[in-house]
DNA sequence: TGGCTTGGTTCATATCATGAAACTTTGTAA
DNA sequence: TTACAAAGTTTCATGATATGAACCAAGCCA
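Written as structure tokens, this is what we have:
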């Protein structure tokens, strides 16, 4: 008895669930996940989770240790390495993200849109000892939550923003109390005026971010480049400098993307 | 109307198929795969393949370019990076595989068992210009086909060898004409006597290999380390030297594995 | 001992994946 | 320009297949 989900994804419920599990296990960190934990995370039935995990284990995507904890498997390392050989956003951005992290000393992030959500795909630690760990590679947030995410949302046409907002409003109310939809709209306006997105600690207290959207040559959204740091490192006097660096690296990434065939949505 | 498949994998047909597709796309190389090609590869229905691909695309595991070719997606890079953070066979072996490739000048390979098959998970190119490309990371062969694969098979108990042989016999007959089951049995005997596996160009003409099995501290099979080269680089006078290097690196890997919690099958 | 938590399995049920066929698009040859 | 072919994509009736409530087993603690 499973009604849920919109009808854009039909005919592959179990595949969707299995892939969701993979992300959840990844989000569990280095200690892996337990069956009960994954059941709680996903809201799926225990038997279902177990059955899907067995399928993932069979394919090498997941491994299980003696203590019956589940981890991401070696097949993912192999596939990940294969995926890395292709020119894509991550390759185009790699160098820039690293440089941005090293030059600014803060955490440089690359994020992409995934439906009404944002996925952080790359993170370069800055050298500054006080780190903002608000965003780690593999984490997802609703579109608009966080600097890079906000930059992406603001760059969308108004009608799409409206439908995204409709989709994420319940999640915002539930998990991001300081980001109600109307506040988000104000941030979008400001982002469009400034040409850059600033998140003044609205997701996690004291964790600020500055982000800019990246586009393919044909104008389609590719992702966002951003910098995250503690509040003290994002004072007004430092913003122009950070903005300049972000803009420069973003331009470079877009130049590299221009040499690459863009991808379908 | 799908009868097939043994009953070890039950209740997740679509997940199995989706994950199979991922591997196939990976095997397509840098130019990605076409729908028709993947249909031919997997023997699945066109609509089924398409539906599974859409699910994979939704999850970011696959991307599709304007020319409607399918590629491995960025989510795999993220998950692969996450998987790499954990201590496992690939981490334990990384350094040794690289050194083996550099010292011998040939291609060093790390392979693991996946049911009745072998998956190559790592490959370090040697410096020798004439390269054997018989095995690339991500490729699978039946267990016993290739030096590392043979080393793993020979290290299994007799009853398990029998059941593996039963499983792969049709594939051998179909794709590896020079490796009938009885020839494979002889190779297994020889491997057990020598304590190392030699593949004298039986899979691909002129492509030789030397392999040794790796075990977890509790005795369970972990994988195999091997070296592949053209026939001229595997003459009898060079074998003792290669064997020594292989044995040394294998011992080092097993030492590192001993510091790691072993994993369930 | 008995209750509690967590991992894992079973099996009747109806939901969901299936694939043949239709449709669309693209390329190309006449 | 039309005709044809080949590849990508979508539809929909059907029953094979994934589902999850209920169950078992093992470990833990008081």
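Chains as they are written, first to last, in the UniProt record's numbering: chain H, 1 to 265; chain R, 1 to 265.
We put the CB at the ideal spot given by N, CA and C, even for glycine.
Please report the distance separating the alpha-carbon of residue i from that of residue j.
i	j	result
residue 184 of chain H	residue 170 of chain H	14 Å
residue 45 of chain H	residue 62 of chain R	27 Å
residue 257 of chain H	residue 95 of chain H	13 Å
residue 68 of chain R	residue 67 of chain H	44 Å
residue 202 of chain R	residue 31 of chain R	29 Å
residue 76 of chain R	residue 26 of chain R	11 Å
residue 82 of chain H	residue 90 of chain R	15 Å
residue 164 of chain H	residue 16 of chain R	32 Å
residue 166 of chain R	residue 22 of chain R	27 Å
residue 209 of chain R	residue 200 of chain R	7 Å
residue 179 of chain H	residue 79 of chain H	37 Å
residue 88 of chain R	residue 118 of chain R	17 Å
residue 265 of chain H	residue 54 of chain R	The pLDDT assigned to residue 265 of chain H is 42, lower than 50, so where the model puts this residue is not dependable, and the model offers no usable value.
residue 174 of chain H	residue 42 of chain R	43 Å
residue 141 of chain R	residue 186 of chain R	19 Å
residue 232 of chain R	residue 107 of chain R	14 Å
residue 248 of chain H	residue 218 of chain H	20 Å
residue 50 of chain R	residue 39 of chain R	9 Å
residue 48 of chain R	residue 60 of chain R	18 Å
When the Cα of residue i is compared with those of the options, which residue comes out closest?
i	options	result
residue 250 of chain H	H:101, H:220, H:215	H:215
residue 227 of chain H	H:212, H:237, H:38	H:212
residue 230 of chain R	R:224, R:239, R:222	R:239
residue 144 of chain R	R:218, R:19, R:223	R:223
residue 151 of chain R	R:39, R:19, R:191, R:60	R:191
residue 155 of chain H	H:105, H:189, H:217	H:189
residue 35 of chain R	R:65, R:59, R:12, R:60	R:65
residue 197 of chain H	H:204, H:173, H:177, H:149	H:149
residue 245 of chain H	H:105, H:79, H:24	H:105
residue 113 of chain H	R:210, R:86, R:57	R:57
residue 220 of chain H	H:242, H:254, H:232, H:39	H:254
residue 204 of chain R	R:176, R:225, R:122	R:176
residue 241 of chain R	R:153, R:103, R:174	R:103
residue 160 of chain R	R:29, R:14, R:116, R:73	R:116
residue 194 of chain H	H:146, H:234, H:243	H:243
residue 207 of chain R	R:182, R:234, R:137, R:225	R:234
If you follow the beta strand (DSSP E) that residue i is part of, which residue opens it and which one closes it?
i	result
residue 140 of chain H	140 to 142
residue 113 of chain R	107 to 114
residue 230 of chain R	221 to 230
residue 154 of chain R	Not the beta strand (DSSP E): residue 154 of chain R falls in the alpha helix (DSSP H), residues 147 to 154.
residue 124 of chain R	117 to 124
residue 214 of chain H	207 to 215
residue 197 of chain H	197 to 199
Are the C-beta atoms of residue i and some chain R residue less than 8 Å apart?
i	result
residue 39 of chain H	no
residue 15 of chain H	yes
residue 163 of chain H	no
residue 71 of chain H	yes
residue 34 of chain H	no
residue 88 of chain H	yes
residue 51 of chain H	yes
residue 148 of chain H	no
residue 78 of chain H	yes
residue 279 of chain H	With chain H running from 1 to 265 in the structure shown, residue 279 of chain H is simply not present.
residue 259 of chain H	no
From the beta carbon of residue i, is the nearest beta carbon of chain H less than 8 Å away?
i	result
residue 4 of chain R	Legend: pLDDT at residue 4 of chain R = 31, less than 50; position of this residue unreliable, value from coordinates given subsequently. So, not an interface residue.
residue 235 of chain R	no
residue 201 of chain R	no
residue 60 of chain R	yes
residue 112 of chain R	yes
residue 11 of chain R	yes
residue 55 of chain R	yes
residue 1 of chain R	The predicted position of residue 1 of chain R is uncertain, since its pLDDT is 32 and thus under 50; a value taken from the coordinates is nonetheless stated next. No, residue 1 of chain R does not count as interfacial toward chain H.
residue 43 of chain R	no
residue 74 of chain R	yes
residue 22 of chain R	yes
residue 82 of chain R	yes
residue 171 of chain R	no
residue 18 of chain R	yes
residue 85 of chain R	yes
Considering just the uninterrupted stretch of the alpha helix (DSSP H) at residue i, what are its terminal residues?
i	result
residue 164 of chain R	158 to 175
residue 274 of chain H	This structure gives no information on residue 274 of chain H, because the portion of chain H shown stretches from 1 to 265.
residue 93 of chain H	89 to 104
*asked:* If we require 3 or more residues per run, which beta strand (DSSP E) segments fall completely within the UniProt domain "HTH iclR-type" (12 to 74) of chain H?
replied: For the UniProt domain "HTH iclR-type" (12 to 74) of chain H, whole beta strand (DSSP E) runs of length 3 or above, ordered along the chain, are 62 to 64, 70 to 72.
_Those runs of the alpha helix (DSSP H) which lie wholly inside the stretch 235 to 264 of chain H and span at least 4 residues_ = Runs found: 239 to 258.
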